[in-house]
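As given, the protein sequences belong to chains R and A, one line each in that order. The first sequence begins at 1 in my numbering and counts up one residue at a time. The second sequence begins at 1 in my numbering and counts up one residue at a time. Have a look at the structure below, then the notes.
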Amino acid sequence: GEDVEQSLFLSVREGDSSVINCTYTDSSSTYLYWYKQEPGAGLQLLTYIFSNMDMKQDQRLTVLLNKKDKHLSLRIADTQTGDSAIYFCAEESEGNSGYALNFGKGTSLLVTP
Amino acid sequence: SAVISQKPSRDICQRGTSLTIQCQVDSQVTMMFWYRQQPGQSLTLIATANQGSEATYESGFVIDKFPISRPNLTFSTLTVSNMSPEDSSIYLCSVSTGGYGYTFGSGTRLTVV
């Protein structure tokens, strides 16, 4: 299938905001997701947004969705060293076997003191 | 959301052998998914497993190499057969929790030597 695109690396200082961008491919996706993967761990669902919304806020996380441009972003306010991880954008799209997640390559976020 | 127990968490295997990975879910789910995450890469869907039917494989994956069982609504196995070093990856199972959200197991880190 087509690729979900993300920038590969982002480095921020502790206390600053982080913005991770994603361009997805399936305009019919109902839900779009952000997952976090810490070293040696599985995937943790951070947040999601329904396709008829353009913004969702959840504590330090803000998701922005631009359906026209198929652009999704995740903003982390007051970034902490514990936020250092890989962040995956994912769209729910239909493949050979029904609906499943199509992931970007992940953005590696490094938070420095 | 569902809780998934995946095992083994890691293994080192000789080339030419096979490894079976197990996923146990704490609730009944219709669809279970198996993903592969190659080093430094994103997650790629291998197949979808529904109880009572053959698994459906994505392009590039075949049943002879990755046989899947789904004997009931809470359990599935993925076997990586006749392994080569190129099979060294993290393998993750996932379930759809309905409505929204996909939960992931903690992954199996496979190294083939």
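In this text, a Cβ means the ideal position worked out from N, Cα and C, and glycines have one as well. Because the structure is a prediction, the values reported are computed rather than measured.
In chain R, no part has a C-beta under 7 Å from the C-beta of Q24/A; the shortest such distance is about 14 Å. Listed by position along chain R, the residues whose Cβ is nearer than 9 Å to that of F75/A form an empty set, because the closest Cβ is around 18 Å away. Separation of the CB atoms of I90/A and Q6/A is rounded to 10 Å, and the pair is thereby denied contact status at 8 Å.
A direct Cα-to-Cα measurement between A85/R and D26/R gives close to 26 Å. The three-state secondary structure of P71/A, taken from DSSP, is strand. At the C-beta level, C89/R and Y31/R stay beyond 9 Å of one another. Taking 8 Å as the Cβ-Cβ cut-off, the region 99-110 of chain A approaches chain R at Y100, G101, Y102, T103, F104, G105, S106, G107 and R109, given in chain order.
Against chain R, the CB of T44/A has a partner CB under 9 Å away; the residue lies at that interface. In the DSSP assignment, A2/A forms no beta bridge with any residue. Contact annotation: V29/A and V112/A have beta-carbon atoms that are not nearer than 9 Å.
With fewer than 16 neighbouring CB atoms inside 10 Å of its own CB, G82/R falls in the exposed class. Inter-segment contact for the region 48-66 of chain A and the region 75-89 of chain A is present: three or more beta-carbon pairs are separated by less than 8 Å. Cα atoms of E94/R and A100/R: separation of roughly 6 Å, rounded to the nearest angstrom.
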